[in-house]
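In what follows, a single structure is set out as structure tokens and then discussed.
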Amino acid sequence: MLGGLSTALAVGVYAKTSSTAQTSWQLAGEIAPPELLKQIGEEHLSSLEPVNLSQMRVLKVHQSRQSAPLYLVDTRLADSDQQPLCGQAGCAFLGYIPGQNEYQTVFNTYLDPHLPPDTDLLSVTDTLQSGLPTLTLHQLEGQQLRRFTVAFDGTHYAVVTVDNLSLTYE
Numbered sequence: 001m002l003g004g005l006s007t008a009l010a011v012g013v014y015a016k017t018s019s020t021a022q023t024s025w026q027l028a029g030e031i032a033p034p035e036l037l038k039q040i041g042e043e044h045l046s047s048l049e050p051v052n053l054s055q056m057r058v059l060k061v062h063q064s065r066q067s068a069p070l071y072l073v074d075t076r077l078a079d080s081d082q083q084p085l086c087g088q089a090g091c092a093f094l095g096y097i098p099g100q101n102e103y104q105t106v107f108n109t110y111l112d113p114h115l116p117p118d119t120d121l122l123s124v125t126d127t128l129q130s131g132l133p134t135l136t137l138h139q140l141e142g143q144q145l146r147r148f149t150v151a152f153d154g155t156h157y158a159v160v161t162v163d164n165l166s167l168t169y170e
């Protein structure tokens, strides 16, 4: 989870990104390095269930001053009723950067995709911290919409601020 965040981050449809970042989620098979997909399978899935990892969605973010590309992974499988990395807390969202021998996990949390209309699931900002962009996430807690700002601390993403938004959702 994100640095002590006790509840899963619940967030809506797909990400919106800044103008300097990659602006669209793509199928993992089209953009993610094969080694990354293999690592995700080994770290997060049992070998008992065959899963087509190329059907996950990936957002590759690499801004001009960024130290390394950031691969954000929405583990929900496109066009599938089978969602092996989803549960009561939401669905797994992961973030990786290239390491020396494998990809380093820098973001790992569960996000619930059920939010009010026009509420971004995850936004990538232009602000860099420790070489990677800060992220904005939203969560519904009851009827209260909350915004989380998470930033890279050199090892992983951690919550920096939590704001209660005036909009309540019924």
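Numbering-wise, the UniProt record's numbering puts 29 at position 29 of the sequence shown, and it's gapless, one number per residue. For each residue, glycine too, the CB sits at the ideal point set by N, CA and C.
> Is there contact between the segment 95-104 and the segment 21-36, where contact requires at least three CB pairs shorter than 8 Å?
Replying inline: yes
>> Just list the residues that DSSP pairs V51 with in beta bridges.
In response: By one-based count along the sequence shown, residue 51 stands at place 51. Beta-bridge pairing links V51 to no other residue.
> With a CB to CB cut of under 8 Å and the five nearest residues on each side skipped, what residues in its chain are close to H44?
Replying inline: As a position in the sequence shown, residue 44 is number 44, starting the count at 1. Correct list, in chain order: T75, L85, A92 and L94.
> Do the CB positions of T136 and A151 come within less than 8 Å of each other?
Replying inline: Residue mapping note: residue 136 aligns to position 136 of the sequence shown, counting from 1. Residue mapping note: residue 151 aligns to position 151 of the sequence shown, counting from 1. Their beta carbons are not under 8 Å apart, which means T136 does not touch A151 by this criterion.
> Under 8 Å, do V73 and I31 count as touching if we go by C-beta distance?
Replying inline: Taking the first residue of the sequence shown as 1, we reach residue 73 at position 73. Taking the first residue of the sequence shown as 1, we reach residue 31 at position 31. No. Outside cutoff.
> In terms of residues, what are the limits of the alpha helix (DSSP H) holding G90?
Replying inline: Position 90 of the sequence shown, counted from the first residue, corresponds to residue 90. Here G90 belongs to no alpha helix (DSSP H); instead the beta strand (DSSP E) covers G90 to P98.
> Just curious, the alpha helix (DSSP H) that Q144 is in, first and last residue?
Replying inline: Here residue 144 corresponds to residue number 144 of the sequence shown, with the count starting at 1. Premise fails: Q144 lies in the beta strand (DSSP E), Q144 to F152, not in any alpha helix (DSSP H).
> Is the Cβ-Cβ distance between G90 and L59 less than 8 Å?
Replying inline: Sequence index remark: in the sequence shown, residue 90 carries index 90 (1-based). Sequence index remark: in the sequence shown, residue 59 carries index 59 (1-based). Cβ distance not < 8 Å, so G90 and L59 don't count as in contact.
>> Nearest by alpha-carbon distance to A158: which of Q63, T149, N164 and S166 is it?
In response: Start at 1 with the first residue of the sequence shown, and residue 158 comes out as number 158. Looking at the Cα atoms, T149 is the closest of the given residues.
> Below 8 Å between beta carbons: does that hold for Q82 and R57?
Replying inline: Looking up residue 82 in the sequence shown gives position 82. Looking up residue 57 in the sequence shown gives position 57. No.
>> Whole angstroms are fine: how far does the CA of H138 sit from the CA of T119?
In response: The residue labelled residue 119 in the question sits at position 119 within the sequence shown. The residue labelled residue 138 in the question sits at position 138 within the sequence shown. In a straight line, the C-alpha of T119 is about 8 Å away from that of H138.
>> Using DSSP's beta-bridge definition, name the partner residues of Q104.
In response: In the sequence shown, residue 104 corresponds to position 104, counting from 1. Paired residues: I97.
>> Looking only at its chain, what residues have a beta carbon closer than 7 Å to the beta carbon of S130, apart from the 5 residues adjacent to it on each side?
In response: Reading the sequence shown from its first residue, position 130 is the one you call residue 130. The answer, listed in chain order, is F152, D153 and G154.
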